[in-house]
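The numbering of the sequence shown is our numbering, which starts it at 63 and goes up by one. Input: a single structure, listed below in structure tokens.
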Amino acid sequence: MNDNEALPPRAVSPSHRRGVALTQVELTWIEKRIEHWLRFGRRTEEKILDRRRSISSFAPGSIFGFVRWASNDYGTVISRMDIVRAMEVGKPYQTLPFVRPGGEILLRVDSWPKVERVLLAVDAIEALNVDPADVAPEYWRHLHNRLTAGHEPRAYTREQHVAWLKRRSVTP
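See below:
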């Protein structure tokens with residue numbers, strides 16, 4: 063078996079045995095050409111296809127940050143970041159390349175300067191000792207809207223996070 067061959071598939075994937083439909087994200091890493099990677103999120107499963115490709119799976123309701131970058135001989139072709147919430151079976155969702163079946167897109171930015179701003183916001187959230195996967199979805203929408211409009215987004219605060227956790231605990 064060489065580096066480009068896929069590993070033999072399993073008879074039945076663990077996610078189907080449990081009866082839970084997981085959102086799958088295909089990750090690719092070809093040095094200086096294509097880099098699809100996760101900035102944050104809690105993986106339920108990970109399946110390595112070969113040296114360069116893997117599939118990460120997420121449970122319904124979980125939030126993850128997905129970065130896509132590609133270049134050619136002349137420079138960067140694509141720089142994108144999406145923050146997505148994995149959806150439950152039967153619920154409406156948005157489609158997204160390399161994410162099956164799709165999810166609720168909370169934030170979507172194109173161009174390296176905006177991707178870098180989101181990555182800096184994620185770093186600031188981690189500096190508060192908060193996992194970005196636990197951040198209020200409204201904050202990711204706020205960040206998306208402010209960056210799209212060219213305005214300065216507000217920083218996520220510890221107080222805002224505590225309020226989100228309390229609201230989430232009483233909402234079904």
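Beta carbons are placed, not taken as given, at the ideal position from N, Cα and C, and that holds for glycine. Small disclaimer: the values here were computed from a predicted structure and weren't measured.
Note to self: According to DSSP, is residue 163 part of a helix, a strand, or is it coil?
What the structure shows: One-based indexing of the sequence shown puts residue 163 at position 101. Three-state result, residue 163: strand.
Check: Would you say residue 160 and residue 145 are within 9 Å of each other, going by their C-beta atoms?
Finding: The residue labelled residue 160 in the question sits at position 98 within the sequence shown. The residue labelled residue 145 in the question sits at position 83 within the sequence shown. For residue 160 and residue 145, no; Cβs fall outside 9 Å.
Note to self: Shorter than 8 Å, the distance from the beta carbon of residue 103 to the closest heavy atom of the ligand GDP, or not?
What the structure shows: What this structure holds is no ligand at all, so the ligand GDP is not there to describe.
Next item on the list: For residue 216, count neighbouring Cβ atoms within 10 angstroms of its own Cβ and tell me buried if that reaches 16, exposed if not.
Entry: Residue 216 sits at position 154 when you count from the first residue of the sequence shown. Burial state of residue 216 is exposed, judged by a 10 Å Cβ sphere holding fewer than 16 other Cβ atoms.
Next item on the list: Taking only the alpha-carbon atoms, compute the straight-line gap between residue 102 and residue 158 and give it to the nearest angstrom.
Entry: Reading the sequence shown from its first residue, position 40 is the one you call residue 102. Reading the sequence shown from its first residue, position 96 is the one you call residue 158. Straight-line Cα distance between these residues: approximately 17 Å.
Notebook entry, point to check: What does a CB cutoff of less than 6 Å around residue 139 pick up in its chain, not counting 5 residues either side in sequence?
Noted result: Taking the sequence shown and counting its residues from 1, the one referred to as residue 139 is at position 77. Cβ neighbours of residue 139 beyond the five flanking positions: 132 and 133.
Check: Is the Cβ-Cβ distance between residue 179 and residue 171 less than 9 Å?
Finding: In the sequence shown, counting from the first residue as 1, residue 179 sits at position 117. In the sequence shown, counting from the first residue as 1, residue 171 sits at position 109. Yes, Cβ-Cβ distance for residue 179 and residue 171 is below 9 Å.
Check: Taking the continuous alpha helix (DSSP H) assigned at residue 208, which residues delimit it?
Finding: Numbered from its first residue, the sequence shown carries residue 208 at position 146. Following the DSSP letters along the chain, one finds residue 208 inside the alpha helix (DSSP H) bounded by residues 199-211.
Check: Whole beta strand (DSSP E) runs in the stretch 84-121 with 3 or more residues, listed along the chain?
Finding: Here the runs fully enclosed are 85-92, 96-102, 107-110 and 115-120.
Next item on the list: For residue 189, name the three-state secondary structure that DSSP assigns.
Entry: To locate residue 189, count along the sequence shown from 1; it is residue 127. Looking at residue 189 - three-state DSSP - the assignment turns out to be helix.
Next item on the list: Report the rounded CA-to-CA distance for residue 224 versus residue 82, giving the unit in angstroms.
Entry: In the sequence shown, counting from the first residue as 1, residue 224 sits at position 162. In the sequence shown, counting from the first residue as 1, residue 82 sits at position 20. The straight-line gap from Cα to Cα measures roughly 29 Å.
Note to self: So for residue 195, helix, strand or coil by DSSP?
What the structure shows: Here residue 195 refers to the residue found at position 133 when the sequence shown is read from its first residue. DSSP places residue 195 in the helix class (H, G or I) of the three-state scheme.
Checklist line | Proximity to residue 105 [Cα-Cα], best of 123, 113 and 183 | finding: By one-based count along the sequence shown, residue 105 stands at place 43. When only C-alpha atoms are compared, the closest one is 123.
Next item on the list: Could you check how far apart the C-beta atoms of residue 176 and residue 227 are, in whole angstroms? I think they sit under 8 Å.
Entry: Counting from one through the sequence shown, the residue named residue 176 turns up at place 114. Counting from one through the sequence shown, the residue named residue 227 turns up at place 165. Their Cβ separation, rounded to whole angstroms, is 28 Å, which puts residue 176 and residue 227 out of contact at 8 Å.
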